[in-house]
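Reviewing the structure listed below.
Residue numbers (our numbering), protein chains in the order written: chain A, 318 to 470; chain B, 318 to 470; chain C, 318 to 470; chain D, 318 to 470.
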């Protein structure tokens, strides 16, 4: 994620996000993904509410996460998000969740993953997003993005 | 809960229900409450889907829980539920969550609580449930139920 | 909540917080309560991590919520929190969750509730919090707080 | 999933599992995955509690889900699970979530996915599971399983 169109937001780990292993439960990272892409959309494209208002929804059709290190209660996490693989009816968001840690020189990459979304209308038919929204999404993507996060980072 | 109209169901504690304290997170018991009242309704009254189908919903207007002992990962919990305080537009469910424990003579009461629900139509106006449903609910209630679970049990 | 020791924080409603009724699921407000009291503690008393570091935990022994109006996807909520009923081993937090709404003159009160917490050591025995922490908590409480939020507001 | 070592369990969709789109929120399927693999382990290998009791944990290192159709409130879902790709320190579970639908001849595949788990000790070091457990897991796997669920089914 070296391109300049990376959106950054943060979130604090609640007790309710952790499990008896003392770390964030694996499903909760998908909530962090949602928080990050929602904020990216609101600030750079349009709010998801506006998409719903024109009769479209963008359900997740695929998601992936690789867990590299644990997140703990009260950690302040940074989520980096970028848009890629914009197609006629679908687009992808890539995520990197990082813990800022004052005691180490390098921040720790905890999770990387992606979600793919399809634009559909109210009866579930694939539908193109309005050109105005597509244009904004297009301006955020880079040509060389790959679908699946690479294994080595 | 000595009356005979107590509905009993069970649920197994998932890792995802626990928190870093090693016990079930306090908000998750409200999910167990939901599971229990849904099953009671389905088996003894009518499914909640049928209530939605006639244009009514029954949102929670109040909930209460007293936490007496912890529930742990993989515990098999019993949830006892009863209907009480049936009024024109509202009704109450009382819950007791118990851990069956082979190594002790007595099961352990973990949580007791209640939820109060109002019947409203699609514009949020208080609306009477159909008499057929009210009749079934009435048959499940006992005159001497009190609103708030007593402190001593 | 007219006293000046009210702590204010905010949170944005995720899709993952809502349910098929189109509104925030009732159990999720307990997560918002947690977020609010955690931030109050961090900023005004000490972080919950520091309490754990001295071998104490503060489990919820009781919680209550009254739901007055619905919260919707993407709402920006304000959570007002105050400490009250400080006792030897227990304390209470009161919460008010409010939606700021530009189109109305008055903000809308959605939920009010409380949680009661006990300080216990690692074997579950009631234990007094360190005097330094008690002193800070004491400075936040007002004598006339009542345990249960009043019905009329 | 044509081999005979497919474990089948079921779960009912709670209101708390759904979102404002009227369908199950994408992260909740990971909870259903957990429920399914936990039950498979308990019935065919050993309970996860027993693994913890010997000082090992099996965190998720990778997860994937492809969402093909929506699950709705109150749906009774079937989860098919199988073990595959058993390696020295890791193993994989494949899942298929299906809705039984009385009104259709064929059940509907809603979600397929997998999780990969690593066995680690209490300081996070990769550790081999006891041979007794490995033997049981081995007996459940088939040689031709592939890591990533195929796109066509």
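Beta carbons: idealized from backbone N, C-alpha and C, even for Gly.
The alpha-carbon of residue 437 of chain C is positioned some 11 Å away from that of residue 371 of chain C.
Rounded to the nearest whole angstrom, the CA to CA distance from residue 433 of chain B to residue 409 of chain B is 4 Å. Following the DSSP letters along the chain, one finds residue 416 of chain A inside the beta strand (DSSP E) bounded by residues 407–416.
342 and 344: these are the residues of the stretch 340–359 of chain A whose beta carbon lies less than 7 Å from some beta carbon of chain B, given in chain order. The three-state reading of DSSP puts residue 398 of chain A in strand, counting E and B together.
When the Cα atoms are used, residue 396 of chain D and residue 428 of chain C turn out to be separated by approximately 37 Å. Excluding its 5 nearest sequence neighbours in each direction, residue 352 of chain B has C-beta neighbours in its own chain below 8 Å: 326, 328 and 396, listed in chain order. Taking 8 Å as the upper bound for CB-CB distance, residue 373 of chain B and residue 455 of chain B are not in contact here, some 17 Å apart. Taking C-beta atoms as the reference points, residue 381 of chain C and residue 343 of chain C fail to come closer than 9 Å. For residue 456 of chain D, the enclosing alpha helix (DSSP H) begins and ends at 448–457. When Cβ-Cβ separations below 9 Å define contact, residue 442 of chain D makes no contact with chain A. For residue 433 of chain C, the pairing in a beta bridge is given by DSSP as C:379 and C:409. Counted as a single uninterrupted DSSP element, the beta strand (DSSP E) harbouring residue 324 of chain D occupies residues 324–329.
Taking the C-beta atoms as reference points, residue 453 of chain B is found nearer than 9 Å to residue 362 of chain B.
Cα atoms of residue 366 of chain C and residue 331 of chain A: separation of roughly 12 Å, rounded to the nearest angstrom. In this structure residue 390 of chain C touches residue 335 of chain C by the C-beta definition: roughly 5 Å separates them, less than 8 Å. Comparing alpha carbon positions, the residue from B:411, B:435 and B:450 closest to residue 377 of chain B is B:435.
Contacts with chain D at 9 Å (Cβ-Cβ) include residue 329 of chain B.
A Cβ-Cβ contact shorter than 9 Å links residue 411 of chain A with residue 398 of chain A. Taken through DSSP and simplified to helix, strand or coil, residue 425 of chain B comes out as strand. Residue 364 of chain D has a beta carbon lying within less than 9 Å of a beta carbon in chain B. Boundaries of the alpha helix (DSSP H) around residue 357 of chain C: 345–357. The straight-line gap separating the alpha-carbon atoms of residue 341 of chain D and residue 405 of chain A is approximately 26 Å. The alpha-carbon of residue 349 of chain D is positioned some 15 Å away from that of residue 359 of chain D. Against chain A, the beta carbon of residue 338 of chain D has neighbours under 8 Å at 374 and 376, listed in chain order. Of all residues in the stretch 378–410 of chain C, those with a C-beta nearer than 8 Å to a C-beta of chain A are 390 and 391, reading in chain order. Counting only the Cα atoms, residue 388 of chain D lies some 28 Å from residue 375 of chain D. Judged by DSSP in its simplified three-state form, residue 341 of chain C adopts strand. Burial of residue 392 of chain A is indicated by the presence of at least 16 other C-beta atoms within 10 angstroms of its C-beta. Chain A places a beta carbon closer than 9 Å to that of residue 432 of chain D, counting this residue as a contact. Inter-residue distance for residue 416 of chain C and residue 368 of chain C is about 32 Å (C-alpha atoms, whole angstroms).
The beta carbons of residue 347 of chain C and residue 394 of chain B sit about 18 Å from each other, so the pair does not count as a contact at 8 Å. Taking a contact as a CB-CB distance under 8 Å, the pair residue 339 of chain C and residue 386 of chain D does not count as one, their CB atoms being some 21 Å apart. Residue 384 of chain C carries a strand assignment under DSSP once its states are collapsed to helix, strand and coil. Rounded to the nearest whole angstrom, the C-alpha separation of residue 401 of chain D and residue 418 of chain D is 29 Å.
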